[in-house]
Amino acid sequence: MTDIQIGQLVRSNKGRDLGKLYIAMAIEGDRVLLVDGNKRTTKKPKAKNIKHITPITKKKTGFILHGPIKDSAVVQFINQNKANL
Numbered sequence: 103m104t105d106i107q108i109g110q111l112v113r114s115n116k117g118r119d120l121g122k123l124y125i126a127m128a129i130e131g132d133r134v135l136l137v138d139g140n141k142r143t144t145k146k147p148k149a150k151n152i153k154h155i156t157p158i159t160k161k162k163t164g165f166i167l168h169g170p171i172k173d174s175a176v177v178q179f180i181n182q183n184k185a186n187l
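Sequential numbering from 103 applies to the sequence shown in the working numbering.
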C-alpha cells in the first residue's frame with residue numbers, strides 16, 4: 103500500500119483523470135479525498151482508490167489543511183509545484 107499523507111501532492115495514475123495533480127485532503131479507509139481547486143473543490147472532493155494515485159513528493163508539501171481552505175490557494179499551490187516537476 104502506498105503511504106499517502108494529508109497535504110501531500112499526488113498524481114492520478116488510473117482513470118479519466120490520468121496524470122492530473124491533486125492535493126490529498128483526507129484519507130478514508132482505502133480511498134483518498136482529493137482536491138484540485140477547479141473541478142474538484144474542497145466542498146466536493148474526488149474520492150479515489152489509494153492504489154490509483156502516486157505521491158509526487160516524499161512527504162507533506164507544506165500545504166497545511168487546517169481550518170477553511172480556499173480553492174484559489176489549492177490552484178495556486180498546484181500550479182507552483184507543477185512548474186518544479
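Where a beta carbon is used, it is the ideal one built from N, C-alpha and C, also for glycine.
None of the values given here were measured: they were computed from a predicted structure.
Asked                                                                                                  : Found
Indicate whether K116 and H154 have their beta-carbon atoms separated by less than 7 Å.                : yes
Which whole-angstrom value is the C-beta distance of V176 and V134, which I expect to be below 8 Å?    : No, V176 and V134 are not in contact; Cβ-Cβ is about 15 Å, not under 8 Å.
With distances taken Cα to Cα, identify the nearest neighbour of Q107 among R113, A126, K148 and N140. : A126
What residue range is occupied by the uninterrupted beta strand (DSSP E) comprising N115?              : From DSSP, N115 is part of no beta strand (DSSP E); its letter is neither H nor E.
Taking the beta strand (DSSP E) that I106 belongs to, which residues open and close that run?          : Unbroken run through I106: none, as it is neither H nor E.
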